[in-house]
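Asks:
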Amino acid sequence: MVPLVRFPFTVGRAGSAGLVLDVPGIWDRHLRFELDPREGLFAVTEGKALVRHGGELIRRHRARNGDEYQAGSVTLQVSLGEPDRQGLGFWEGVLWVLLIVVGLLQLAVAWSLLVD
157 MVPLVRFPFT VGRAGSAGLV LDVPGIWDRH LRFELDPREG LFAVTEGKAL
207 VRHGGELIRR HRARNGDEYQ AGSVTLQVSL GEPDRQGLGF WEGVLWVLLI
257 VVGLLQLAVA WSLLVD
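At position 31 of the sequence shown the residue is numbered 187 (the numbering used here), and the sequence of numbers has no breaks.
Given below as structure tokens:
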């Protein structure tokens, strides 16, 4: 498994490629993965390289989890990793304070009902 950490991510024989594959049928720059923040991840063939998805040649294809791409003599499978969890910061703190206040109010009401 190779994580895609920088985009565009290139697959090919060239030493500058993100994933170097020295196998038959792979060009120096064979396939590129691009990330469009609005539309998602795309697999794009470089130059006149041949890449198949589902048996059909592609030029640009929206990559989804589990997609397989046949490039030369290798099959590349897209597997999405775990998303980075970002803390909610300020709003998470406000929610916790609110929950604690509601809990304390409930305890105060219960206590006042028991004492009377």
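Glycine is no exception: its CB is placed at the ideal position from the N, C-alpha and C atoms.
Bear in mind that the values here come from a model prediction, so they are computed numbers and not experimental data.
Taking its Cβ as the centre, do 16 or more other Cβ atoms sit within 10 Å of V265, making it buried, or is it exposed?
Replies: By the 10 Å Cβ count, V265 comes out exposed.
Asks: Answer with buried or exposed for I182, where buried requires no fewer than 16 other C-beta atoms within 10 angstroms of its C-beta.
Replies: Result: buried.
Asks: Alpha carbon to alpha carbon, what distance is there between G237 and A227?
Replies: The alpha-carbon atoms of A227 and G237 are separated by roughly 22 Å.
Asks: Hey, out of L177, F165, P180 and D178, whose CA is closest to L197's CA?
Replies: The residue with the shortest Cα to Cα distance from L197 is F165.
Asks: Which of helix, strand or coil does DSSP assign to Q262?
Replies: Residue state, collapsed to three classes: helix.
Asks: Shorter than 8 Å from the beta carbon of F246 to some beta carbon of chain B?
Replies: Here there is only one protein chain, and chain B is not present.
Asks: Under the rule that 16 or more other beta-carbon atoms within 10 Å means buried, what is A205, buried or exposed?
Replies: Label assigned to A205: buried.
Asks: Using the Cα positions of F273 and E224, report the straight-line distance between them to the nearest angstrom.
Replies: Given that the chain is displayed from residue 157 to residue 272, the structure contains no residue 273 and the question cannot be resolved.
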